[in-house]
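Protein chains in written order, with this note's numbering: chain R, 1 to 75; chain G, 76 to 595.
Backbone N, C-alpha and C fix where the C-beta goes; we use that ideal spot for every residue, glycine too.
Please read the structure below before turning to the comments.
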Amino acid sequence: MNLRGLLLSAITALLFLLHQDFWNWRAARPLTFGFLPPGLSYHALYTLTAAAWMAVLVKLAWPSRLEQDAEDKHR
Amino acid sequence: MIAAVFVAIYLASVLYIGIFAFRRAHNAGAEDFFLAGRSLGGFVFLFSLFGTHMTAFAILGSSGHAFANGIVTYGLMASSSAIVVPVLLLTLGTRLWAAGKKFGHFTPVQIFRDRWECSHTGTVIFIVQAVLLIPYILIGMIGGGTTLRVLSGGAIPYWAGSLLVALVVMSYVIFGGMRGTAWVNTFQTLLFLTFGLAAVVVIGKGMGGFSATVESMLADPALAPLLTRERIPTAIFFSYTFMPLSAIAFPHIGIFCLTAKRMAQFKRVVIFYPICLLIIWLPCVFLGTLANSADGIPAIQSPLAARQQQPATAESRAKASGDDILVVLLNHYAPVWLTGLLGAGIMAAVMASDSQILALSTMFTEDVFAWYGHKERFGEAAQVTVGRIFIFLVTAVAYLVAQRTPASIFELAGQYAFAGFSALVPLLVGALYWKGSTKYGALASTLWVAASVATVAYFQANVAPGTIYGPVHRTATGTTVFGLLPVVPMTAISALLMWLVSTATPKPSQATITRYFPAA
């Protein structure tokens, strides 16, 4: 794995770890938009961050060689 | 009852879509029936794959679990899936697609057999996959029966509702095959994404506004903990991040990965999967939690009363499960016509058992019927016919078993199907990424998964809650090992066995390894 692959894997692992938001465990306030408690608003934002990070992974780590190889063999 | 009429119109629509797909390709071969000819375009692939993964578990199970446990439900399953599932699709889904396209495989077991040069090991994997998939099919049957019973105000009994759902699903899967199933799933997903948002607005308004409802819950010491996660230990929360691993090991998802016309179609799925999750799960979990403060609805007071019963029994837990809570809220707060439309949307998600039934049929006809020489003897048309008969039999058996109505959809899925399939992921990683993996390593992992699932099921059926054996604790709703859910040690030991046994046993031929791992 090259340096870019390592860096992308490390950031993905970090994002995975950020799922364990123990600091929000007992927090009931502040309420985002006046009704979403921290345990829900954090994870909603986390979900959107995951989508953004997936866009980066698709751009930088797409296994295009696999597709070429499969198409060539299929023909 | 009017709501049930809307649902009937919806059921007729999906039936039509299935039959339309049948007309388009009724004389086609096995690849067309089981894999839609590997021709699904980007739009259908995205929404159908998402719809295939989101079952009654996502809609009814999540809101029912949130009703009992609060907002923690979203973090337990949805946000962990938002990172784990797209990464799996990017790393393993694309490789499954490439192996299927390159070598003409229909199922993951075919890939395993080819990759590891094995026969009976593949059959063992097929059996374990099939047994683990059955509870997941039951979820759809139970969800369908529950939803129709509540929407019709009890006029359609559970047995009749689940029978109707079983007949409709069976018909469009038998006639339409993968193409019909994919089109129906796309229609269903769009329906729920659209009307789900309307449900949030209507119910929120009916409850007097979300801010006021949340403030009233925070002021009540009995309800305020539902808006935090203090009732769930952090170790259990961590354990749940292993559950989404099951997504790629589910045969219906693995097989669906082979239906894309081009690998580039995975790009959209990988990026938009978390957003679709947010749109479906956040409202379900939030509304399920807020339902605890909905006074004056008998259908909600009944499970709340059952929750207070001490000591809890299997019967009281079943009454307290609240799997129908979302439909109850709709019935109470939404106008009848909207309840019907939203009920149809819920049915859309509930009926995702179609792809699991089709997957089971594909596995049987490819991994057993064709593998043991019957395709060569009787021909491809006979194979498709056998597949259709198998779909009928599976649906009939699932319907009969679903009549026993297990305690809670969420528990049923979590304890057996999710944990078992999560622990099978090392097989896919080994086959697609590790040249050194062997059939013996795969067999060891598979037997471990089968034994551990059977042990957990036996333990929970025969040991009283509160019993402790060393690190193993029988809790009120399940089992923990060192404070973690069984899925964690199951997956870790499965991976360890794959590695240890593979390193000590003979590898497949170099020619096979080179086919799967060509030099860059």
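Endpoints, alpha helix (DSSP H) assigned at residue i
{"i": "V547 (chain G)", "result": "Note, V547 (chain G): premise wrong, no alpha helix (DSSP H); beta strand (DSSP E) at V547 to R549."}
{"i": "V443 (chain G)", "result": "Premise fails: V443 (chain G) is in no alpha helix (DSSP H) and is neither H nor E."}
{"i": "V556 (chain G)", "result": "Looking at the DSSP string, V556 (chain G) is not in any alpha helix (DSSP H); the run it does join, the beta strand (DSSP E), is T554 to V556."}
{"i": "T521 (chain G)", "result": "K514 to N537"}
{"i": "G139 (chain G)", "result": "S137 to N144"}
{"i": "P349 (chain G)", "result": "Q340 to L365"}
{"i": "N260 (chain G)", "result": "Y233 to G281"}
{"i": "R463 (chain G)", "result": "E455 to A477"}
{"i": "N406 (chain G)", "result": "I400 to Y408"}
{"i": "T12 (chain R)", "result": "L3 to L17"}
{"i": "K177 (chain G)", "result": "T169 to F178"}
{"i": "S377 (chain G)", "result": "P373 to Q383"}
{"i": "E106 (chain G)", "result": "A105 to L110"}
{"i": "T312 (chain G)", "result": "A small correction: the amino acid at residue 312 (chain G) is Phe; Thr does not occupy that position in the sequence shown. Element bounds for F312 (chain G): T309 to S314."}
{"i": "S286 (chain G)", "result": "F285 to A294"}
{"i": "Q185 (chain G)", "result": "P183 to W191"}
Sequence-distant residues of the same chain with beta carbon closer than 7 Å to residue i, five excluded per side
{"i": "Y39 (chain G)", "result": "Residue numbering for chain G in the displayed model covers 76 to 595; residue 39 (chain G) lies beyond these limits and cannot be assessed."}
{"i": "V259 (chain G)", "result": "V89, I92, G93, Y247 and D429"}
{"i": "H128 (chain G)", "result": "A322 and I328"}
{"i": "R26 (chain R)", "result": "none"}
{"i": "S368 (chain G)", "result": "T288, S291, M292 and L298"}
{"i": "A157 (chain G)", "result": "P349 and L352"}
{"i": "F16 (chain R)", "result": "none"}
Element boundaries [beta strand (DSSP E), containing residue i]
{"i": "V36 (chain G)", "result": "An answer regarding residue 36 (chain G) cannot be provided, because it is not within the stretch 76 to 595 covered by chain G."}
For residue j and residue i, believed in contact at Cβ under 8 Å, the rounded distance
{"i": "L161 (chain G)", "j": "P349 (chain G)", "result": "Correcting the residue type first, residue 161 (chain G) is Pro in the shown sequence and not Leu. Contact holds; Cβ gap of about 6 Å."}
{"i": "V82 (chain G)", "j": "M422 (chain G)", "result": "6 Å"}
{"i": "W577 (chain G)", "j": "G511 (chain G)", "result": "The identity of residue 577 (chain G) in the sequence shown is Ser, whereas the question assumes Trp. With 8 Å as the limit, S577 (chain G) and G511 (chain G) qualify as a contact, their Cβ atoms being about 6 Å apart."}
{"i": "S321 (chain G)", "j": "F496 (chain G)", "result": "4 Å"}
{"i": "L416 (chain G)", "j": "F270 (chain G)", "result": "5 Å"}
{"i": "L433 (chain G)", "j": "M253 (chain G)", "result": "6 Å"}
{"i": "V225 (chain G)", "j": "D399 (chain G)", "result": "5 Å"}
{"i": "R188 (chain G)", "j": "G197 (chain G)", "result": "4 Å"}
{"i": "T182 (chain G)", "j": "I278 (chain G)", "result": "Between I278 (chain G) and T182 (chain G) the Cβ distance is about 42 Å, and since that is not below 8 Å, they are no contact."}
{"i": "K336 (chain G)", "j": "S114 (chain G)", "result": "5 Å"}
{"i": "A241 (chain G)", "j": "T470 (chain G)", "result": "5 Å"}
{"i": "Q204 (chain G)", "j": "P308 (chain G)", "result": "The Cβ separation is near 31 Å, so there is no contact."}
{"i": "G448 (chain G)", "j": "A141 (chain G)", "result": "Not quite, the Cβ-Cβ distance comes to about 50 Å (not below 8 Å), so this is no contact."}
{"i": "D69 (chain R)", "j": "A173 (chain G)", "result": "7 Å"}
{"i": "R438 (chain G)", "j": "F108 (chain G)", "result": "Arg is not the amino acid found at residue 438 (chain G); the sequence shown has Met there. The Cβ separation is near 14 Å, so there is no contact."}
Strand pairing of residue i, partner residues [DSSP]
{"i": "A335 (chain G)", "result": "G:L115"}
{"i": "L207 (chain G)", "result": "For L207 (chain G), which the question treats as bridged, DSSP gives no partner whatsoever."}
{"i": "L36 (chain R)", "result": "R:T32"}
{"i": "L559 (chain G)", "result": "G:V556"}
{"i": "Y544 (chain G)", "result": "G:V547"}
Cutoff 6 Å; reference residue i; Cβ partners in own chain excluding five residues on either side
{"i": "G558 (chain G)", "result": "A310"}
{"i": "L223 (chain G)", "result": "I231 and G236"}
{"i": "G610 (chain G)", "result": "Residue 610 (chain G) falls outside the range modelled here, since chain G spans only 76 to 595, and no answer is possible."}
{"i": "A457 (chain G)", "result": "none"}
{"i": "T264 (chain G)", "result": "F122, F125 and G126"}
{"i": "I547 (chain G)", "result": "Note that residue 547 (chain G) is Val in the sequence shown here, rather than Ile. Cβ within range, chain order: V556."}
{"i": "T169 (chain G)", "result": "M338 and F341"}
{"i": "A50 (chain R)", "result": "none"}
{"i": "D85 (chain R)", "result": "Shown here, chain R extends from 1 to 75; a query on residue 85 (chain R) therefore has no answer."}
{"i": "A61 (chain R)", "result": "L8"}
Contacts around residue i, its chain only, beta-carbon distance under 8 Å, and the 5 residues preceding and following it disregarded
{"i": "L357 (chain G)", "result": "Y149 and A153"}
{"i": "N24 (chain R)", "result": "P38, G39 and Y42"}
{"i": "I249 (chain G)", "result": "R463, I466 and F467"}
{"i": "S9 (chain R)", "result": "M1"}
{"i": "T261 (chain G)", "result": "F118, V119, F122, S123 and G126"}
{"i": "P300 (chain G)", "result": "G145 and R306"}
{"i": "S194 (chain G)", "result": "R188 and W446"}
{"i": "L36 (chain R)", "result": "A44"}
{"i": "Y408 (chain G)", "result": "V277, I278, K280, G281 and M282"}
{"i": "W523 (chain G)", "result": "A498, M565, I568, S569 and L572"}
Proximity test, Cβ basis, 8 Å: residue i and chain A
{"i": "L3 (chain R)", "result": "This model lacks chain A altogether; the protein chains it does include are R and G."}
Chain G contacts from the segment 22-41 of chain R (Cβ-Cβ distance under 9 Å): Residues passing the 9 Å Cβ filter: F22, N24, W25, R26, A27, A28, R29, L31, F33, G34, F35, L36, P37, P38, G39 and L40.
Short of 9 Å Cβ to Cβ, which residues in the segment 140-153 of chain G face chain R? Of all residues in the segment 140-153 of chain G, G145, I146, V147, Y149, G150 and A153 have a Cβ within less than 9 Å of some Cβ in chain R.
Please name the residues in the segment 308-342 of chain G whose beta-carbon is closer than 8 Å to at least one beta-carbon of chain R, in chain order. Here the close residues are T309, F312, F313, T316, R337, M338, A339 and K342.
When you check each C-beta in the segment 7-19 of chain R against every C-beta of chain G, which residues fall closer than 7 Å? Listed by position, the residues of the segment 7-19 of chain R near chain G (Cβ gap below 7 Å) are T12, L15, F16 and H19.
Contact list for the segment 548-569 of chain G against chain R, Cβ threshold 9 Å: Residues: none.
Taking Cβ-Cβ distances below 8 Å as the criterion, which residues of the segment 341-367 of chain G are in contact with chain R? Listed by position, the residues of the segment 341-367 of chain G near chain R (Cβ gap below 8 Å) are K342, V345, I346, F347, Y348, P349, I350, L352, L353, L357, V360 and F361.
For the segment 43-58 of chain R, which residues have a CB atom closer than 9 Å to at least one CB atom of chain G, in sequence order? When CB distances to chain G are screened at a threshold of 9 Å, the residues of the segment 43-58 of chain R falling below it are H43, A44, Y46, T47, L48, T49, A50, A51, A52, W53, M54, A55, L57 and V58, in chain order.
Name the residues in the segment 78-110 of chain G whose C-beta lies less than 8 Å from a C-beta of chain R; which are they? Going along the segment 78-110 of chain G in chain order, one finds no residue with a Cβ nearer than 8 Å to chain R.
Anything in the segment 402-422 of chain G with a Cβ closer than 9 Å to a Cβ of chain R? List those residues in chain order, please. Residues: none.
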